[in-house]
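Please read the structure below before turning to the comments.
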Amino acid sequence: MLEQLDLSALGLMAGAAFVAATLLPAQSEAVFLGLLAAKSADPTLLFTVASIANTAGSVVNWWLGRLIAQGGLERLPKRLRPDPARFAKAQGWFARFGWPSLLFAWLPIGGDPLTFVAGSLNYPLGRFVLLVFIGKAARYALLWAGWVAAF
0 MLEQLDLSAL GLMAGAAFVA ATLLPAQSEA VFLGLLAAKS ADPTLLFTVA SIANTAGSVV
60 NWWLGRLIAQ GGLERLPKRL RPDPARFAKA QGWFARFGWP SLLFAWLPIG GDPLTFVAGS
120 LNYPLGRFVL LVFIGKAARY ALLWAGWVAA F
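If you use numbering that gives the first Met the number 0, the sequence shown corresponds to residues 0 to 150, in order.
Okay, structure coming up:
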């Protein structure tokens, strides 16, 4: 029974974390903290799944950014196009701060467009994944540490 519960919780975490990193409006932090509180999965496994799935969602954005680089925003379906103002703001961030800005791809405002920008600028995928993973894992680690301290 516990193994089945673990898989359900981990699947829920993976889905929430993946979607939260894409263009769709979603947040994974509440799911992460809720699953920690419910003790429905091993916390280390939950942290690992959340970090990897959230990074994978950002890779989708990077890939869409590559499509932008190859043919402009018009090449994407309308519902997948980033808001031009947010995209321009993310371009400014990336131009100003460069690769360290990818450590902040987890931010709710600007993080997703930033991952598009990296793809549109042909930022190397391997470095992208490493930097984005570090930032996203750090965020989940801080949430986990805060939860442990509170309870």
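Glycine included, C-beta positions come from ideal geometry on N, C-alpha and C.
Closest in alpha carbon position to isoleucine 133, among Trp146, Leu102 and Leu142, is Leu102. Here arginine 138 has Trp105 as same chain residues with Cβ atoms under 7 Å from its own Cβ, once five neighbours each way along the sequence are excluded.
Threonine 47 and alanine 136 have their C-alpha atoms some 8 Å from each other. Here leucine 130 really is in contact with tryptophan 98; their C-beta atoms are around 6 Å apart, less than 8 Å. Secondary structure at serine 100: helix, using DSSP grouped into helix, strand and coil. Here lysine 38 carries a coil assignment [DSSP, helix/strand/coil]. With respect to the 8 Å criterion, leucine 32 and leucine 141 are not classified as neighbours on the basis of their beta carbons. Lysine 135: member of the alpha helix (DSSP H) spanning 124 to 149, first to last residue.
For tryptophan 61 against threonine 114, the beta-carbon gap comes to about 5 Å, under 8 Å, which counts as contact.
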